[in-house]
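Only one structure is covered here, and it is reproduced in the block below.
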Amino acid sequence: MARTSARFRLSLKDQQTKESLKIELIPAPNESLFISNPAAHRYRVRVNGKASTKVKDVTLTEVFNRLRRWLVARAAKPHGAERNPRPTSDR
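Numbering follows our numbering, in which position 53 of the sequence shown is assigned residue number 211; successive positions increment by one, without gaps.
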């Protein structure tokens, strides 16, 4: 089966950790009975080539809100911090 081509693609790379995030937005079919606002189009999301598991259809506003939260969380991490640090004990 042919893969649906994306309308928009965003690529982000953390230059310190060399981790990257590729987001593709595929136009979702309009299933509403009403004429929709063109600014409120909905998109299906692919993250790093795989269908998103957390959200099904999103608007551009929702995508950029999630990206903003992701970037703020990444920026708050100190460089060189472990992804899953082990708890230390005082024994």
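For every residue, glycine included, the Cβ atom is placed at its ideal position computed from N, Cα and C. Just so you know, these numbers come straight off a predicted model, no measurement behind them.
Item to complete: Can you give me the start and stop residues for the beta strand (DSSP E) that R226 sits inside?
Response: Unbroken run through R226 is the alpha helix (DSSP H), 218-234; no beta strand (DSSP E).
Practice prompt. Tell me the start and end of each unbroken beta strand (DSSP E) in the segment 159-192 that is at least 3 residues and wholly inside, in chain order.
Written response: 166-171, 178-185
Worksheet item: By Cβ distance, which residues of its chain are closer than 6 Å to N206, with the 5 residues on each side in sequence left out?
Response: K180
Worksheet item: CB A266 to CB T217, shorter than 7 Å?
Response: The question about residue 266 has no answer here: the residues shown for the chain are numbered 159 through 249.
Worksheet item: Going by the beta-carbon positions, is the gap between A164 and L183 smaller than 7 Å?
Response: yes
Item to complete: Taking R204 as part of the beta strand (DSSP E), name the residues at either end of that continuous run.
Response: 201-205
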